[in-house]
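Engineer: This is the structure I want to talk about, given as structure tokens.
Residue numbers (my numbering): 691 to 987.
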């Protein structure tokens, strides 16, 4: 079973060109699944897997308190895996073919208010090279809506301040061009002129845009620590994750009348339904305003 899983992961990496985080999710889900088949259902080979075994596994996940979203992700992983095995003639039939992905209501993403965004951007003001870096990162995130994984993978060559845009390499190496507003462009220029040169170590030819104190590319964990620190200093008590600024970017654009298709392209969503979730925030905000201010609400 382990060898088949390795072949499947290689297929996802090479043929499907899936992102690293997606690959890790598939591998984690399928390891859980295969462990259950072997240790609970006593299934010896993949040819012995039946639909009832998959149903039992999904019920097991529910009993563990897994969310509908997590269960649905497991179903998607299992179906893709069994389809791969069938195509490769590893098994003679696909027991997952009649397993449906459970429908789950998508939760409305949490966003910062405009006032909270201003606080976060103001608290990061400073003249030291670390402060210039942190300010540039936050401004870019809110100005472009890119993912944190995309932010830390940016190289200097991806920035074009003359034309006012950045080039982002997203999932599956898809490239997109995103405009950068004045404040973000100014913060980025200050960092490139006065911050990054002080972080770049001698004889270090790294092209990474955002560097840590070792002169190497800043990690996701490193950014998360920076964000938590700045959020505490800004007095932001609401839940704040590296993805919150991306959510806030999309929600604030749509609240101010931006075209949904344009926001989809900037976010890099393959399906517009992923972008439409942000329109629910506008409806929720309208309802809150009505309830608060209408005399007969």
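We put the CB at the ideal spot given by N, CA and C, even for glycine.
Report the residue from 819, 916, 911 and 833 whose alpha carbon sits nearest the alpha carbon of residue 882.
Structural biologist: Measuring from the Cα of residue 882, the nearest candidate turns out to be 819.
Engineer: Assuming the contact rule is C-beta atoms closer than 8 angstroms, residue 713 and residue 780 should be a hit. Round their C-beta distance to whole Å, please.
Structural biologist: About 20 angstroms; that fails the 8 angstroms criterion.
Engineer: Going by DSSP, what residues sit across from residue 865 in a beta bridge?
Structural biologist: DSSP lists 859 as partners of residue 865.
Engineer: Between which two residues does the alpha helix (DSSP H) holding residue 768 run?
Structural biologist: Here the alpha helix (DSSP H) through residue 768 covers 758 to 777.
Engineer: Looking at C-beta atoms only, is the number of pairs between the stretch 805 to 813 and the stretch 908 to 927 that lie closer than 8 angstroms three or more?
Structural biologist: Yes, since at least three Cβ pairs between the stretch 805 to 813 and the stretch 908 to 927 fall closer than 8 angstroms, the two stretches touch.
Engineer: Go ahead and label residue 764 buried or exposed: buried means 16 or more other beta carbons lie within 10 angstroms of its beta carbon, across all protein chains shown.
Structural biologist: That one is buried.
Engineer: Who does residue 850 pair with in a DSSP beta bridge?
Structural biologist: Bridge partners of residue 850: 855.
Engineer: Thinking C-alpha only, which one of 709, 722 and 823 is nearest residue 751?
Structural biologist: Looking at the Cα atoms, 722 is the closest of the given residues.
Engineer: Buried or exposed for residue 788, going by 16 or more other Cβ atoms inside 10 Å?
Structural biologist: Exposed.
Engineer: Ignoring anything shorter than 4 residues, give me the alpha helix (DSSP H) runs that lie fully in the stretch 933 to 975, in order along the chain.
Structural biologist: Correct list: 934 to 945, 950 to 957 and 962 to 966.
Engineer: I want to know whether the stretch 845 to 859 touches the stretch 938 to 947 - three or more CB-CB distances under 8 angstroms.
Structural biologist: In short, these stretches do not touch, since the Cβ pair count stays below three.
Engineer: Ordered along the chain, which non-local residues of its own chain (more than five positions away) have a Cβ less than 7 angstroms from that of residue 784?
Structural biologist: Cβ neighbours of residue 784 beyond the five flanking positions: 772, 773 and 776.
Engineer: When the Cα atoms are used, what is the spatial distance from residue 716 to residue 768?
Structural biologist: Spanning the two alpha carbons is a distance of roughly 9 angstroms.
Engineer: Within 10 angstroms of the Cβ of residue 961, are there 16 or more other Cβ atoms? Answer buried if so, exposed if not.
Structural biologist: When all chains shown are included, residue 961 counts as exposed.
Engineer: When we look at the beta-carbon of residue 846 and count the other beta-carbons within 10 Å, is it buried (16 or more) or exposed?
Structural biologist: Label assigned to residue 846: exposed.
Engineer: So for residue 828, helix, strand or coil by DSSP?
Structural biologist: Residue 828 falls in the helix class under three-state DSSP.
Engineer: Can you have a look at residue 886 and say buried or exposed, based on whether 16 or more other CB atoms are within 10 angstroms of its CB?
Structural biologist: Burial call: buried.
Engineer: What whole-angstrom Cβ distance do residue 849 and residue 899 have, given they're in contact under 8 angstroms?
Structural biologist: Yes, residue 849 and residue 899 are in contact; Cβ-Cβ is about 7 angstroms, under 8 angstroms.
Engineer: From residue 743 to residue 766, what distance separates their C-alpha atoms?
Structural biologist: Taking the straight line joining both Cα atoms gives about 16 angstroms.
Engineer: For a test of the three-state rule: what should DSSP assign to residue 886, helix, strand or coil?
Structural biologist: Reduced to three states, the DSSP call for residue 886 is helix.
Engineer: Using CA atoms only, rank isn't needed, just tell me which of 826, 910, 799 and 836 is closest to residue 878.
Structural biologist: Checking every option, the nearest Cα to that of residue 878 belongs to 826.
Engineer: Going by C-alpha to C-alpha distance, which of 705, 955 and 942 sits closest to residue 969?
Structural biologist: Ranking the options by Cα distance to residue 969, first place goes to 942.
Engineer: So for residue 907, helix, strand or coil by DSSP?
Structural biologist: Correct three-state label for residue 907: strand.
Engineer: Are residue 747 and residue 726 closer than 8 angstroms when you measure CB to CB?
Structural biologist: Result yes, Cβ atoms of residue 747 and residue 726 sit closer than 8 angstroms.
Engineer: Use the C-beta contact count for residue 823: other C-beta atoms within 10 angstroms, 16 or more gives buried, fewer gives exposed.
Structural biologist: Buried, because 16 or more other Cβ atoms sit within 10 Å of the Cβ of residue 823.
Engineer: One question on the structure: do residue 838 and residue 932 come within less than 8 angstroms of each other, judged by their Cβ atoms?
Structural biologist: Yes; because the gap between Cβ atoms is below 8 angstroms, this pair is in contact.
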